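Residue numbers (the UniProt record's numbering): 1 to 212.
Before any comments, here is the structure.
What follows is the structure, given as structure tokens:
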């Protein structure tokens, strides 16, 4: 589980005091990440240690843990967003509930977002070059990655050969709260790993619950 980096901003003429939450580097080789899903909604109270979102990196899917208390005033990068660069402003947290309304139409200012990795500008340029050189490969790759999530063609079930379930901590927690059998859930994460988004989809489709 990784904690986000935040920076406190004082109140101004238009906005109250708030904290800006930017995407940090959750692995040494991470240059960008995918926000699989948000565990909190705008307006919800946040305690220190709460999982804000589930982030997929180049290595694994990790819980995005809050290091602050307050209220989630604005989500700027929606769940399902791919290739979000390190340092990208993802959300706004305020200390007082009455300050949430001030950020209703807030669009963010990337220029003020904290960057957790200085060489990001150089590293971000490298993938762009590689994308231009083999466009066909990158197109086909993105299509194959999206197919399992968009349709029901994939039949992968989130259980290993030994019967254990390959799922993220947040997915396990959500399944436990909703009494869902993870062995029946199809995983769309790295190597077929079950993530929270898969559990939510399973619930919406009327998936079976564990017998009480």
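Virtual Cβ for every residue (Gly too), placed ideally from N, Cα, C.
The structure presented is a predicted model; accordingly, all values stated were derived computationally and were not measured.
- Nearest to residue 197 by alpha-carbon distance, out of 24, 16, 35, 92, is 35.
- Per DSSP, the beta-bridge partners of residue 70 are 46.
- Taken in chain order, the whole alpha helix (DSSP H) runs of length 4 or more contained in the segment 156-204 are 169-177, 196-204.
- Comparing alpha carbon positions, the residue from 66, 98, 202 closest to residue 39 is 66.
- Taking every protein chain shown into account, the CB of residue 88 has 16 or more other CB atoms within 10 angstroms, so this residue is buried.
- Annotated as distal: residue 73 and residue 64, with beta-carbon spacing of 9 Å or more.
- Taken through DSSP and simplified to helix, strand or coil, residue 22 comes out as strand.
- In this structure, the beta-carbon distance from residue 202 to residue 184 falls below 9 Å.
- Per DSSP, the beta bridge partners of residue 37 are 54.
- With a cutoff of 9 Å on beta-carbon distance, residue 77 and residue 26 are scored as not near each other.
- Remark: C-beta atoms of residue 199 and residue 180 approach each other more closely than 9 Å.
- A direct Cα-to-Cα measurement between residue 51 and residue 93 gives close to 14 Å.
- Nearest to residue 56 by alpha-carbon distance, out of 176, 174, 167, is 167.
- At a Cβ-Cβ threshold of 9 Å, residue 85 and residue 31 count as neighbours.
- Per DSSP, reduced to three states, the secondary structure at residue 65 is strand.
- The beta-carbon separation of residue 75 and residue 42, rounded to 6 Å, stays under the 8 Å limit for a contact.
- Across the structure, residue 16 and residue 102 are spaced so that their CA atoms are roughly 7 Å apart.
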